[in-house]
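Data block below; observations after.
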Amino acid sequence: MIEEKKFLTVAPFQCAWRKDLKFREAGRGCVAFDAFAHNDVTVVFREKVGSQHYHYKRDNSPHYTVILGSHRNRRLKIEVDGKTVVDEEGVALCCSSTFQSYWISIYDGLISIGKGRYPFQNLVFQWLDSKPNCSVRYVGLSCWDKHVGYRNVNVLPLPNNHMLLWKQVDSGEFEEKDDGEQELEGEQMNYEKWGLENFLESWELSDVLFIVGKDERLVPAHKVVLQASGNFPLSLSNEDVIQLQKISYPILHALLQYIYTGQTQISEAQLGSLRALSLQFEVMPLVKQCEETAERFKLNKKLFDSGKSVELSYPSFQPHCCMAFPSQLPINVKRLKQLQLTGDYSDINIYIEGHGLVAQLHKVILSLWSVPFSKMFTNGMSESSSSEVFLSDVSPEAFKVMLKFLYSGVLSLEDSVEFGTLLLQVLLLADQFGVTHLYQECCKTLLECLSEDSVCPILQAVSSIPSCKLIEETCERKFAMHFDYCTTSSLDFILLDETNFSNIIQI
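Residues in the sequence shown are numbered from 1 upward in steps of one, following the UniProt record's numbering.
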């Protein structure tokens, strides 16, 4: 095995055991990692550490084994003490062209497997052990007959709301929930559904009206969203009105629904009208899909049942993703960034104390990322009717990084000496304004770059933030693993909170 910084290559039939890959509480924890492999990304959970030449096939002691991409990258397998208990086709497969992110959590025999950078999100499979092994604690990274590359491996404690992991278990034994748990799930579901779709045909923050059909129905929309997805006849000032008396409401609704949500439904008979309207406003992804669907219908009319709706989805659209903006919508990100830079169609000016006007933005863009922003602009607060917001005690550099994220969906930080400091400032800003996805991205990046040298300042910064408990506990574990180095290389540790230092000593 070759270990180089945060990259680990495991040779065939071997297993890597690191001291820091250990659950804080036996039987309960999560491991998050990136893997690069043709097949058989194998993660072992044992009560005791194994050896380098350990292999799960020869293990007689109690253990769980999770194999991603088993059977030549065709299946997901879970084994208990060497016996196969799960063998599912096409779930959580490997990728040999690039690193792919996964997480696996165990909670009293409930094994949850997910894909993506954010632990406890994008769940793809769960299995409940009827006779759980609540003693497993150590995590081993293994493989079968080909090398597997691992990186950014972190063992994390389960979140306080770990009961949410149970919500998709099919067993009737877990279907009954008390009122408190039901409320917690409801809040999670509301958050997961938040996004641009909440503003579809909403009067909130709208600045353009369509007048549709012979009955002159009024349909509100948002200039910045329309112009980032097509070419609409809009002015830079005042409220615009777009007359569409010859267009029926269902056609316009389908167009706006496609723009705001990434998908829509329409009858085959209305495809031509929808294509024409999309072409008029240059929403080209929808034009292309209408044409392709109509062509398929001509070739094989049996593909569509007469009278039933045709579904149209943007190619990148993922129906179960909690935040679709902007990558999963027909939004031209380059054009959206340009609108942010020029301030065209903006309805809010942001001032930072000591720095004056720093940005001319769009309330709907801020609001679709953040429920607190949305409430600020729509519930009668002073910002609802004002076109100016004044901020104090905010880093202009961190605020600009947040803005880039809001208009692109990508966290972009230059690699510099101030990288760590700026990342922390952005994390605190995201937490302050409730931009949850940016906060998660910052947390993930912090965990990936966490080192013995950075652990003290990071721990000092996040210890007072309740929502950063995951990072705080990970930092404490990192410090404890490298206690001698962290207490001798610098004096940063003397600034730590007494509670943090007490937790470190007890680990």
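Just so you know, even glycine gets a beta-carbon here, dropped at the ideal spot from N, CA and C.
Check the Cα spacing between GLN280 and each of PHE232, LEU93, GLY82 and GLN506: the tightest is with PHE232.
DSSP, read as helix, strand or coil, puts THR98 in coil. In the three-state DSSP reduction, TYR249 falls in the helix class (H, G or I). When the Cα atoms are used, CYS290 and LEU312 turn out to be separated by approximately 8 Å. Taking the Cα positions, GLY27 is about 31 Å away from PRO457.
Taking the CA atoms as reference points, SER96 sits about 33 Å from GLU473.
When C-alpha distances from VAL401 are compared across VAL435, THR378 and VAL371, the shortest belongs to VAL435. In the DSSP annotation of this structure, the continuous segment of the alpha helix (DSSP H) that includes PRO285 starts and ends at 284-299. At a cut-off of 4 residues, the continuous stretches assigned as alpha helix (DSSP H) that sit fully inside the stretch 70-115 are 70-73.
For ILE266, the beta-bridge partners assigned by DSSP are VAL310. Secondary structure of PHE125 (DSSP, three-state): strand.
Here LYS400 carries a helix assignment [DSSP, helix/strand/coil]. The C-beta of ASN300 has fewer than 16 other C-beta atoms within 10 Å across all chains shown, which makes the residue exposed. In this structure, ILE251 sits near LEU277, with a CB-CB distance shorter than 8 Å. In the three-state DSSP reduction, PHE210 falls in the strand class (E or B). Where LEU274 is concerned, the enclosing alpha helix (DSSP H) starts and stops at 271-280.
Taking C-beta atoms as the reference points, PHE433 and LEU205 fail to come closer than 8 Å.
Secondary structure of TYR351 (DSSP, three-state): strand. At a Cβ-Cβ threshold of 8 Å, GLN425 and ALA398 count as neighbours. Around GLU201, the same chain offers VAL219, PRO220 and LEU256 as residues with beta carbons nearer than 7 Å, after the five sequence neighbours per side are excluded. Shown here, PRO372 sits in a helix according to DSSP, grouped into three states. In the three-state scheme derived from DSSP, where H, G and I count as helix and E and B as strand, SER229 is classed as helix. For CYS15, the enclosing beta strand (DSSP E) covers residues 15-22. Minimum Cα-Cα distance from ARG137 among the listed residues THR98, ILE106 and HIS147 corresponds to ILE106. DSSP places VAL462 in the uninterrupted alpha helix (DSSP H) bounded by 455-462. With distances taken between CA atoms, ASP108 lies nearest to PHE45 out of ARG74, LEU76, PHE45 and ARG72. If you draw a straight line from the Cα of ALA480 to the Cα of CYS442, it comes to about 23 Å. By alpha-carbon distance to GLN440, the top candidate from GLN243, TYR118 and GLY149 is TYR118. Shown here for PRO396: same chain residues with a beta carbon closer than 7 Å to its own, the five before and five after excluded, namely ILE352, HIS355 and VAL358 in chain order. Between the stretch 64-80 and the stretch 41-55, the count of Cβ pairs shorter than 8 Å is three or higher; the stretches touch. Per DSSP, GLN338 has no beta bridge partner at all. Measuring C-alpha to C-alpha distances from LYS246 to each of HIS253, VAL225, ILE211 and HIS222 identifies ILE211 as the nearest.
Between the alpha carbons of VAL394 and ILE494 lies a distance of about 27 Å.
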